[in-house]
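First comes the structure, then the notes that go with it.
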Amino acid sequence: MIFEDTTTSFTNDFLTDIDMGSLNEVPLQTNSTISEPIQIISTQRGKRKLLLDGYIYRLDRSNDRGIEQWRCSKKSCRGRIHLHNSFLFSSTINRTNVTLVSSHSHASEPAQCEAAIVIDHIRTTAQHNQHESPKDIVHRLLRSVNNETAANLPSITAMQRSIQRRRQQQKSFDSFLINIEHEENLTTNDIQILYRSINDSSLLHINELAYNQILVLTCDNEQSYRNKLANTSIWLCTTFHEIKNDYLQCILIIQVLENNNETLLPLIYALLPSNTNVFYMKLFNELLPLQTPKYILTNFDKILIDSLKNFFHNHTILPDIKICSIFLHYELCKFIQQYKRIIHDMEYKSIKYLLALAYIPQLDVIMAFEALQEIYSSSIEGIYDKFEDLCIGRLRPNGHRSQPLFTTTLWNWTDVVPYFDNLLLINTNIKQWNDMFRTSLLTSSYRSCYKIIRTIQQLYQHQINTKNRKIETNKTNIIIQNYYTNKFRQIIQSYQSLSFEEYLLNLIEYLPI
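Under my numbering, the letters of the sequence shown match residues 3 to 515, in that order.
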């Protein structure tokens, strides 16, 4: 791939620069005007910073000979040093191991270096002195710094919050290690399921869950939701992993499509401490009825899909598990937004071309993807590689493709389109619900159990009220949806009579997303 070749070339150039430029390097004088030793501290994200003679350096790159190139933390400055025989776990380094490569374009700032040391000491103290309050730690350290250093420190509130975040990260990490240790030998018999009604007021008093407990919020009594699951042909099973909580790692929601597949009815909200096959199988064995649905719609969760397949493996009739195109659209957009905030028209058009592959016969999917890759792969850097890993499989040197994370039968809808009369309406309802749920649960970086449960209760009540209002749907919307659905069906049926380019151009205008 181009990315790999560029990276190799970049590394080779760096090694060559070190060899050729070593004659011009100037060792730092041991009798520097700054008497403090060279120090390496950690940043908030766990990376290293080097403090030397009033300058702050960040690691730029390194090679396999133990030489690290550090650059000034100011972007506009070209100050560089080389660190020889560095020790990753040493906080102080001998000056003989440091070589000056290029000088700085600004004066030294000893006060900022001292402030960086104070902030690093605050983070370290936050972990080791758990009994001391953030306010006491900050006030104690401020009494030992001079006025120049204090002027370069963040506000007192910001430093106190930094201590709280560091302690919360350590607490989450310790909880994660404990759960991993217990889950190694965990069986379905060790897992407990706590049943609660979603309208139960006592739910808000739950502060934490054990590593082997699943909290299940039911929207109806047991007999009622089992009957609805048994008498409905389409289920929607989705998971959310973006929850940052010490005790909850995943939320599983099971819904059904009713009223001629026009409305979503939530039945079960399951709060799981771990996203593993053991927890899913325990949940399915306890909650799901013996009857098999015709279709199960889900998102890109491989563990969930494998668990569903294992659960229905011994059934006489197997359900057809399909990944909604809405979730494929979400994965591709999320990938782009990792690099930039705005998705331009050309990039969005390329995404729609990839989504259109879900409505091409499965035998022609790889051919169509390779054709799109040659034409549009330059419009979005890396997006075709992302889709290839998820849905197609990387091309090997022997000409064969590796196994993708999700096989074509999971995300390709060509074989089931004739059985869905209102696919556009189904996807629209799923998208509205998914956006509402995701936005509500991600309004803050850390969510307590109380806030998560309270948010689920509010969303459920809102969904029920919206469902009752949708009974009197605007006739104009129905006419528009029927028009788009009919056009979409006509294009699908014309696959054999149109060229590949014409088929895609027509299809992306009426995709049911």
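In this text, a Cβ means the ideal position worked out from N, Cα and C, and glycines have one as well.
On the CB-based measure, 16 or more other CB atoms within 10 Å of its CB, does residue i come out buried or exposed?
i	result
S496	exposed
N316	exposed
I466	exposed
S204	exposed
L407	exposed
E376	exposed
A128	buried
H331	buried
G401	exposed
E511	exposed
R82	buried
Rounded to the nearest angstrom, how far is the Cβ of residue i from that of residue j, given a contact under 8 Å?
i	j	result
N431	P514	Not a contact, Cβ separation roughly 11 Å.
L259	L266	6 Å
K271	I208	Before going further, note that residue 271 is Tyr rather than Lys in the sequence given. 13 Å between Cβ atoms; not a contact.
I216	L273	7 Å
Cα-Cα, which of the options is closest to residue i?
i	options	result
Q46	Y386, I165, E511 and L397	I165
T409	Y332, V367 and Q215	V367
F313	L289, F329 and Q170	L289
P291	D303, F490, S309 and Q225	Q225
I353	P363, I362, F337 and L365	F337
L102	F439, C74, I208 and D437	C74
T417	Y350, Q375, S450 and A360	Checking the sequence shown, residue 417 turns out to be Asp, not Thr. For D417, the nearest C-alpha among the options comes from A360.
N214	Y227, T189 and Q340	T189
L334	M369, E390 and A212	E390
Q71	I158, K77, R491 and H86	H86
S105	H84, A118, L443 and N99	H84
N229	L206, A212, R145 and Q257	Q257
C393	N414, Y421 and L320	N414
S157	V140, Y249, R169 and D202	V140
V100	S78, S135 and Q41	Q41
W237	K296, F502 and L155	K296
I43	V280, D303, E116 and D122	D122
Y1	Q364, I385, L365 and N279	The structure shown does not extend to residue 1, since the chain spans only 3 to 515, so no value can be given for it.
With DSSP run on the structure shown, which of helix, strand or coil describes residue i?
i	result
F408	coil
C239	strand
V140	helix
A272	strand
I385	helix
S64	strand
V147	coil
C74	strand
N214	coil
R398	coil
L231	helix
Y497	coil
E260	strand
Could you tell me whether any non-hydrogen atom of the ligand HEM is closer than 7 Å to the CB of residue i?
i	result
Y57	As presented, the structure is devoid of all ligands, the ligand HEM included, so that no description of it is given.
Does the CB of residue i have a neighbour CB from chain D at under 8 Å?
i	result
W413	Among the chains of the structure shown, chain D does not appear; only one protein chain is present.
Using 8 Å as the threshold, is the region 273-292 in touch with the region 187-207, meaning 3 or more CB pairs across them?
yes
Touch test, the region 147-157 against the region 236-245, Cβ-Cβ under 8 Å, three pairs minimum
no
Three or more beta-carbon pairs under 8 Å between the region 408-427 and the region 479-487, yes or no?
yes
For the region 61-68 against the region 106-123, do three or more pairs of beta-carbon atoms, one drawn from each stretch, fall closer than 8 Å, so that the two count as touching?
no
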